[in-house]
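K.L.:
Take a look at this one; I'll ask things after.
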Amino acid sequence: MVEVRLENIVKTFGETVALKGISLHIKHGELFTLLGPSGCGKSTTLRIIAGLDFPDSGEIWFDKDEVTYMSSSERGAVLVFQNYALWPHMSVFDNVAYGLKVKKFPKDEIEKKVKWALELVKLTGFEDRYPTQLSGGQQQRVAIARALVVEPKLLLLDEPLSNLDAKLRLEMRSEIRRIQRELGITVLYVTHDQEEAMAISDRIAVMNVGTVEQVGTPREIYENPRTEFVASFMGKTNVIPAKVVERDGDKVTVEFEHFRLDGLTYTEKSDSVVIVIRPERVSLKPVENGISITGKVDLIEYYGFFTEVIGLFGETRIIARTMADRETAELRPQGEVTFHISRDDIIVLPKQL
Ligand SMILES: Nc1ncnc2c1ncn2[C@@H]1O[C@H](COP(=O)(O)OP(=O)(O)OP(=O)(O)O)[C@@H](O)[C@H]1O
Ligand SMILES: [Mg+2]
């Protein structure tokens, strides 16, 4: 178990600035996720932490040791690549045993450790199979066993589930969580899937073109996004461009289309803003401290345990997600609809994108 600190890491590849000075603090035994779109610098960050690449400037610390320019093998961090990279000509046993053989462990100890690792990923009995005789999920688990068997201080997982089908992905992400808890190991996980990040992580860092925009628990990031990018990246959400038209202390009135929303909290300088509203916070019935806006129904989408009503307010589409079947049953496409939103559930952020 290790605590990892990145201080102001900069990494360039020719003209491309892949990391623009990122700082992160990953705690002991934490499952920490880097979340962000393709090309934002997630894999580069992992490679630099693993010691497979080195930063232009900045520092990396494992507990009390600076490891910035230490070799990969000295660091005791193991990276599991997206494509698993199993050796096709080696059996499952030999794939998992490889790292221990390199380190010249005695034979009986290797057997004991491989047995332990395969038990952990629930692959006991698969020792003699070859990678081609395994499903994607099983190969994935061999790759994880191979990483765990050397008892790394830090496990780095780069989009480990992206090659699996939806069902296996769900199973494997619970498995990774279980193993991480059982061993109390520090895990740094990379994904571009916000739902996966929410489900699995203790904390998440949301990355955007070489910078970290926000670090927090899944709940903090989802409920309290601090930038427009984070708000719009965390799942389906209403992000509506608007203008601040009045200010009174930390309260503002904002306008979009011809709708005026007053009494919202906002203290930034910029008058060009977005208002962020989660679909599940939009109600079809009046709410406390609420604002009401009336428009017309554009679409009604029935998802089983909830329904989405897409309302059209001028040119602006707003999604309401509701479990109230009775109210949605009364709605008709093109008919009038009123959305009610509590002022406490409206986030105003400077316009960014
Ligand atoms: N070896 C390299 N040479 C040149 N540019 C590179 C190299 N590795 C990465 N980059 C660039 O650095 C940026 C960050 O790449 P990185 O692989 O870290 O992104 P990522 O967040 O892992 O993306 P993805 O989700 O697609 O895997 C990209 O613009 C990429 O093109
Ligand atoms: Mg990557």
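Counted the way our numbering counts, the sequence shown spans residues 1 to 353.
Glycine is no exception: its CB is placed at the ideal position from the N, C-alpha and C atoms.
Contact between the stretch 278-291 and the stretch 236-253 is defined here as three or more beta-carbon pairs at a separation below 8 Å; is this criterion met?
P.N.:
Short answer: they touch.
K.L.:
State the Cα-Cα distance for the pair Leu123 and Arg141, rounded to the nearest angstrom.
P.N.:
Whole-angstrom Cα-Cα distance: 8 Å.
K.L.:
If you reduce the DSSP assignment to three classes, tell me which class Met207 lands in.
P.N.:
Three-state result, Met207: strand.
K.L.:
May I ask which residues mark the beginning and end of the alpha helix (DSSP H) holding Leu100?
P.N.:
Counting along the chain, the alpha helix (DSSP H) containing Leu100 begins and ends at 92-102.
K.L.:
So Glu255 packs on Lys269, CB below 8 Å; how close in whole Å?
P.N.:
18 Å between Cβ atoms; not a contact.
K.L.:
Under the rule that 16 or more other beta-carbon atoms within 10 Å means buried, what is Val102, buried or exposed?
P.N.:
Per the 10 Å Cβ criterion, exposed.
K.L.:
Buried or exposed for Val187, going by 16 or more other Cβ atoms inside 10 Å?
P.N.:
By the neighbour-count rule (16 or more Cβ atoms within 10 Å), Val187 is buried.
K.L.:
CB of Glu159 to nearest heavy atom of ligand 2: below 8 Å?
P.N.:
Result yes, Cβ under 8 Å from ligand 2.
K.L.:
Taking Cβ to Cβ, would you say His258 is nearer than 9 Å to Ile291?
P.N.:
Taking 9 Å as the Cβ cut-off, His258 and Ile291 do not qualify as a contacting pair.
K.L.:
Measure the alpha-carbon distance for Phe305 versus Pro152 and round it to whole angstroms.
P.N.:
Going by the C-alpha atoms only, they are around 43 Å apart.
K.L.:
Only counting the same chain, and skipping five residues up and downstream in sequence, which positions put a Cβ closer than 7 Å to that of Ile221?
P.N.:
Once the five neighbours on either side are set aside, the close Cβ partners of Ile221 are Ile204, Val206, Gln214, Val230, Met234.
K.L.:
Using the three-state DSSP reduction, which class does Phe220 fall into: helix, strand or coil?
P.N.:
In the sequence as displayed, the identity of residue 220 is Glu instead of Phe. Here Glu220 sits in helix by DSSP.
K.L.:
Which residues in the same chain as Gln194 place their Cβ atom closer than 7 Å to its Cβ, once the five residues preceding and following it in sequence are excluded?
P.N.:
Within the same chain, Gln194 has close Cβ partners Leu35, Phe233, Met234, Gly235.
K.L.:
What separation, rounded to the nearest whole angstrom, lies between the Cα atoms of Arg354 and Glu196?
P.N.:
Residue 354 lies beyond the range of the chain shown here (1 to 353); nothing can be said about it.
K.L.:
Alpha carbons only, please: which of Gly295, Leu353, Ser272, Ile200 is nearest the one belonging to Arg178?
P.N.:
Among Gly295, Leu353, Ser272, Ile200, the Cα nearest to that of Arg178 is on Ile200.
K.L.:
Taking all protein chains shown into account, do 16 or more other C-beta atoms lie within 10 angstroms of the C-beta of Glu66, making it buried, or fewer, making it exposed?
P.N.:
When all chains shown are included, Glu66 counts as exposed.
K.L.:
What do you reckon, are the CB atoms on Gly8 and Gly58 nearer than 9 Å?
P.N.:
The sequence shown places Asn at residue 8, not Gly. Yes.
K.L.:
Check Glu288 in the structure and name its three-state DSSP category.
P.N.:
Note: Glu288 maps to coil in three-state DSSP.
K.L.:
Measuring from the CB of Pro55, is there a heavy atom of ligand 1 at a distance below 8 Å?
P.N.:
For ligand 1, not one heavy atom lies less than 8 Å from the Cβ of Pro55.
K.L.:
Quick one, which of Ala143, Phe313, Lys42 has its alpha-carbon nearest Gly295's?
P.N.:
Checked all of Ala143, Phe313, Lys42; the closest Cα to Gly295 is Phe313.
K.L.:
Which of the three DSSP states is assigned to Ser38 in this structure?
P.N.:
If DSSP states are grouped into helix, strand and coil, Ser38 belongs with coil.
K.L.:
How is Val230 classed by DSSP in three states: helix, strand or coil?
P.N.:
It is helical.
K.L.:
Does DSSP put Ile240 in a helix, in a strand, or in coil?
P.N.:
Correct three-state label for Ile240: strand.
K.L.:
Does Val274 come out as helix, strand or coil in the three-state DSSP assignment?
P.N.:
Looking at Val274 - three-state DSSP - the assignment turns out to be strand.
K.L.:
Is Glu159 near Val121, with beta carbons less than 9 Å apart?
P.N.:
For Glu159 and Val121, no; Cβs fall outside 9 Å.
K.L.:
Would you kindly work out how many angstroms separate the C-alpha atoms of Asp108 and Pro88, rounded to a whole number?
P.N.:
Whole-angstrom Cα-Cα distance: 24 Å.
K.L.:
Might you give, ordered along the chain, the residues of its own chain that have their beta carbon closer than 8 Å to the beta carbon of Met1, omitting 5 neighbours on each side?
P.N.:
His28, Gly29, Lys153, Gly184, Ile185, Thr186.
K.L.:
Per DSSP, what are the beta-bridge partners of Gln214 in this structure?
P.N.:
Beta-bridge pairing links Gln214 to Val206.
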